[in-house]
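**Student:** What follows is a structure written as C-alpha cells; I'll ask about it next.
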C-alpha cells in the first residue's frame with residue numbers, strides 16, 4: 169500500500185496524516201486543537217448528554233476537506249481524541 173508523501177524543506181520524506189474523526193467521549197472541549205488548526209477544519213459543537221440532560225461543548229470536524237495532514241490538532245490534544253490516517257496514493 170503506497171501513501172501520499174511530501175518532502176520537508178530540509179529534504180526529509182514526510183507522510184501527512186489527515187483527520188478521520190474525533191472521539192467525543194474523550195474530548196473535553198478545551199479548544200486547543202481549534203486554535204492550532206490554521207485551515208479551519210474544526211469547530212465547536214454542543215453535545216447533549218441524554219442521561220443527565222446536560223450540554224457540553226466538544227470539537228467536531230466541520231471542514232474535513234480543508235485538512236492538510238499536518239497533525240497539529242492531534243499533537244495539541246491533551247486527551248488523545250484524534251484518529252488520523254494517511255491518504256493512499
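Residue numbers (the numbering used here): 169 to 257.
Ideal Cβ positions, reconstructed from N, Cα and C, are used throughout, including at glycine.
Write down the C-beta distance between residue 194 and residue 234 rounded to the nearest angstrom, noting that I regard them as a contact closer than 8 Å.
**Tutor:** Your numbering for residue 194 matches position 26 in the chain shown. Your numbering for residue 234 matches position 66 in the chain shown. Not quite, the Cβ-Cβ distance comes to about 23 Å (not below 8 Å), so this is no contact.
**Student:** Write down every uninterrupted run of the beta strand (DSSP E) in the segment 182-239 whose length is 3 residues or greater and which is fully enclosed by it, in chain order.
**Tutor:** Here the runs fully enclosed are 186-190, 210-217, 222-229.
**Student:** Do you know offhand how far residue 238's Cα is from residue 202's?
**Tutor:** Taking the chain shown and counting its residues from 1, one reaches residue 238 at position 70. Taking the chain shown and counting its residues from 1, one reaches residue 202 at position 34. So the alpha carbons of these two residues sit roughly 13 Å apart.
**Student:** Quick one: what's residue 251 bridged to in DSSP?
**Tutor:** The residue given as residue 251 occupies position 83 in the chain shown. The partner list for residue 251 (beta bridge, DSSP) reads 189.
**Student:** Going by the beta-carbon positions, is the gap between residue 188 and residue 253 smaller than 8 Å?
**Tutor:** Residue mapping note: residue 188 aligns to position 20 of the chain shown, counting from 1. Residue mapping note: residue 253 aligns to position 85 of the chain shown, counting from 1. Closer than 8 Å, so yes.
**Student:** Between which residues of its own chain and residue 192 is the CB-CB distance below 7 Å, once the five residues before and five after are set aside?
**Tutor:** Here the question's residue 192 lines up with position 24 in the chain shown. So the qualifying residues of the chain are 215, 226.
**Student:** Between which residues of its own chain and residue 256 is the CB-CB distance below 8 Å, once the five residues before and five after are set aside?
**Tutor:** Numbered from 1 along the chain shown, position 88 holds the residue referred to as residue 256. Here the set comprises 169, 170, 171, 172.
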